[in-house]
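First comes the structure, then the notes that go with it.
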Amino acid sequence: MDRISPTTILAVAVVGFYFVWRSQTKPKSLPLPPGPKGLPIVGNLYDLPPEGSVDFLEWIKHRELYGPISSLTVLGTTLILINDKQYATDILDKESAKTSSRPESVFAYEFAGWKQSLALTRDRRLFRQYRKAMAKVLGSKTAVAKFHPLQELESQRFLLRLLKDPKHFPEHLRREAGAFILKVTYGYSVLPEDIDPLVSLSESALEWFVYSTLPGKWLVDLLPFMRHIPEWLPGGRFKKAAREVDGHVQEIIKKPLAFTIHQKKQNKHVPSYASDLLDENESHSDVAWTAMGMYIAGTDTTVASLKGFLLAMLLFPEAQRKGQEEIDRVVGRDRLPILADRDQLPYLNAMVKETMRWHTAGPIALPHRADEDLTYKGYLIPKGATLMPNAWLYNNDPTTYPEPRTFRPERFLEGDGYQPEADPTENIFGWGRRICPGRLVADSAVFVTMAQTLAAYTMTSPVGPDGKAIEPKIGYIPGIVAHLQPFEVDFKLRDPRYEQMIRTTGKEDAYSGDAEILSQVKW
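Count along the sequence shown from 1, then add 77; that gives the number in the working numbering.
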């Protein structure tokens, strides 16, 4: 289903005019933050980013025009755009007790089966249960350290796939990220070569989630009274689409956990997030929803971050050279770097931060909702307002990061009286009570893949027919996650010793995967 046309919205909006008019004409003691002047009934509908655009780039003009905080009102719903890091800290962290809910998404929440999802649930009791369960397994560096060997193994398999087929590095990155998350969450091993059924199922989770929650896609999200329209009437057909989504959601949630339960009964399971929580008698529902939440939240952003790293290595070869020099000096060339080396690799740690700053994978975090009226800097943030922090703006603010579009890891290093610039990861993993519980796992996954890729390969732009390097252009694919437009990379082994090392440690032919077992599991 395509995004709803403004004409259709306008026609149906007339039905809800009374409700919208009431919400727009309530007396307010303070003004909303500044923003464009709206039209009757539809408000700022036509000021939203156009279909097919890159939303986080479209919102930049609001800071230029209106300052550190701005607002729009669309069909009676207020959107607050938080265009400044300190404002985000004040509103989303310091006032987190009042701003940690999610906006109302009628289609996804009430009809399409996502009501209990980690990302969307508005049930505070349930959300606390989820956070508590995830903290047991992911809440500290010590807790996540047990996953380091798995991360290192999947990184080495990524290097092996590059050796065999370097042109398809985006697919290899996705397989690496998916294989690691599925192993950590369910103890499931993906097929080494062929398309894996659980990888495909899990990737569909993100697709169905985006399909269900994309702003402006479902008219019922803009006009909630339409939830009462019968399916057979015009405007009620969304209910049929929601049933289809719900069927997929049930399989996505139940089937992977059924695999873990099956393996535990056979005493053939490997330790994982799901098996650990099942041992502690956590409810199956809590385990299933949080495990799938980890996949949805972690896989796509990790892949996007690593693509950003590869692009930066092409555009800023001096940074690549410095990273490789540090690896050679600290680790040498007789083995690949591992996570235990991390404390001795300050430049690589700075590269991780600079990658996440320079290419912010989640530029507009999932929105928050104000649970009650707030006042801030003389403005009203009304109850029910949707709060949208723009992390891309924060990470590219020249007052915080001079020359922000230059990839310069040194900005995060101390030395010679230089004070490191602000840690950008504070802008990346969410805010307040909605901060990402898997941030430590994501950070270590990015580090080990970057470190091992830098150790084994030199990355350059391919050479065109004219003998000149084909310089990649920075462009983004529209979506929740900031995926880069396709680009090409030439990978060249830095030392002959690495080939045998990669073939030995990658061990792709040493296992067959768990797809056959999965096919026999009843869910």
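Heads up, the beta-carbon is just placed ideally off N, CA and C, and yes, glycines get one too.
Under the DSSP assignment, V151 falls in the beta strand (DSSP E) whose first and last residues are 146-151.
Rounded to the nearest angstrom, the gap between the Cα atoms of V297 and I579 is 52 Å. Around the beta-carbon of Y575, 16 or more other beta-carbon atoms lie within 10 Å, marking it buried. Taking each of T476, F484, A442 in turn and checking the Cα distance to P466, the smallest one comes out for A442. Straight-line measurement puts the Cα of N426 at about 37 Å from the Cα of S148. The three-state secondary structure of R482, taken from DSSP, is coil. Within the stretch 521-572, the complete beta strand (DSSP E) runs of at least 3 residues fall at 534-537, 567-570.
With a cut-off of 8 Å on Cβ pairs, the stretch 449-464 is in contact with the stretch 168-175, counting three or more such pairs. L531 sits close to Q401, with the two beta carbons spaced by under 7 Å. The Cβ atoms of D543 and S178 do not sit closer than 7 Å to each other. DSSP places M465 in no alpha helix (DSSP H) but in the uninterrupted beta strand (DSSP E) bounded by 463-466. Under the three-state reduction of DSSP, R446 is assigned to strand.
Per DSSP, I159 lies in no alpha helix (DSSP H) segment; the continuous beta strand (DSSP E) that holds it begins and ends at 154-159.
Spanning the alpha carbons of R410 and G461 requires a straight line of approximately 57 Å. For L457, the enclosing beta strand (DSSP E) has its first and last residue at 456-458.
Secondary structure of T452 (DSSP, three-state): strand.
Judged by DSSP secondary structure, R406 falls within the alpha helix (DSSP H) whose first and last residues are 394-407. Only residues of its own chain outside the window of five on either side were considered, and among them R208, M211, A212, L215 have a CB closer than 7 Å to the CB of P514, listed in chain order. Straight through space, the alpha carbons of L470 and I137 are spaced by roughly 7 Å.
Taking C-alpha positions only, A468 is separated from N504 by approximately 6 Å. In the DSSP assignment, F315 falls within the unbroken alpha helix (DSSP H) covering 315-342. The shortest CA-to-CA distance from D363 to any of I373, A351, P127, A374 is the one to A351. Membership of L230 in the alpha helix (DSSP H) is indicated by the continuous run 225-241. Per the DSSP secondary-structure output, S178 pairs in a beta bridge with R446. In the three-state DSSP reduction, I373 falls in the helix class (H, G or I). Under the three-pair Cβ rule at 8 Å, the stretch 518-530 counts as touching the stretch 230-237. DSSP places I441 within a strand segment (E or B) once states are collapsed to three.
Here the alpha carbon of L354 sits roughly 8 Å from the alpha carbon of S360. The stretch 281-296 and the stretch 382-401 do not touch, with fewer than 3 CB-CB distances between them shorter than 8 Å. S538 and E565 have their C-alpha atoms some 7 Å from each other.
Here DSSP, grouped into helix, strand and coil, assigns L310 to coil.
No residue range can be given for T477, since it is assigned to no alpha helix (DSSP H) and is classified by DSSP as neither H nor E. Assignment of beta-bridge partners to Y495 by DSSP yields G492.
Assignment of G590 by DSSP, reduced to helix, strand and coil, places it in the coil class.
From the listed residues T337, W435, D377, T219, the smallest Cα separation to S596 is found for T337. Per the Cβ contact rule, the stretch 487-502 is not in contact with the stretch 185-201 (fewer than 3 Cβ pairs under 8 Å).
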